[in-house]
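The working numbering puts the first residue of the sequence shown at 1, with every later residue one more than the last.
Every residue gets a Cβ at the ideal spot worked out from N, C-alpha and C, and that includes glycine.
For clarity, every value in this text was computed on a predicted model and none was experimentally measured.
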Amino acid sequence: MSLLNGLHESWNDTGLYYNWQILVGNMTAGCDAIHEENLDLLITWSGMQYAEDLSASTTRKNILTARCYECTAIVDAYRHDPVYFDLDSYPWADKVVWELHLYSSSEDVDTGTCPIIEAGLYRNGFNALGIDPPAVCNVTNECPPVQRITPVIMTGFGHDKSYTLYNATLLFVLKNTPRGTA
């Protein structure tokens, strides 16, 4: 059962909040409801920014202060106790499959070179596969360890349709990215 796909900030209703706290709250409620109805279903959990970022979910970062592109600021976040998403604390933990997207037109993930793409994918959710961090992580300093090995599927990727398709850096990286054991 899929919980949303390609989450992003609302352009029509500017009164809706968009941040890790809202995502985790809504996705957790959805997982609870699905698991209550059918214990056997796998549940895909989509990331932030068009499903390009799962980092706060996979690394147990403080969801009040975790980096979040174009999100509604939690202005008083540092005046509150940290809030962490701990997948292991839920009865459906073994049913979650992280869902990740990446497009060459991404607004906040660099897709210009293979090493940088690999580091971005690792940071944004591929770390949950249990793979080793790419070597370029010593440059980006954004390859946190995962809190729990969990399956990850890439359900959306690509770039503009053109003759450059056969030389697309992003597609080359995706084709050659190591697979995890989860």
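Residue range Ile43 to Ser46 is occupied by the beta strand (DSSP E) that includes Ser46. Taking the Cα of Pro115 as reference, the smallest distance to any Cα among Cys137, Asn127 and Arg67 is reached at Cys137. Rounded to the nearest whole angstrom, the C-alpha separation of Cys31 and Ser89 is 13 angstroms. For the pair Glu99 and Trp45, the CB atoms are nearer than the 9 angstroms cut-off.
The shortest CA-to-CA distance from Thr28 to any of Tyr17, Gly15, Ser55 and Ile43 is the one to Ile43. Using a Cβ-Cβ distance cut-off of 8 angstroms, the region 147-158 and the region 54-71 are in contact, since at least three pairs of beta carbons, one from each stretch, lie closer than that value.
For the options Tyr50, Asp40, Asp76 and Leu7, the alpha carbon positioned closest to that of Asn26 is the one of Leu7. A direct Cα-Cα distance of roughly 11 angstroms separates Ile153 from Val96. Taking the C-beta atoms as reference points, Glu9 is found nearer than 9 angstroms to Glu70.
The criterion of a C-beta distance shorter than 9 angstroms is satisfied by Thr169 and Thr111.
Non-local C-beta neighbours of His80 in its own chain, meaning closer than 7 angstroms and more than five positions away in sequence, comprise Leu64, ordered along the chain.
For Trp92, no alpha helix (DSSP H) encloses it, and the DSSP letter there is neither H nor E. Note on geometry: alpha-carbon atoms of Phe85 and Gln49 lie some 18 angstroms from one another.
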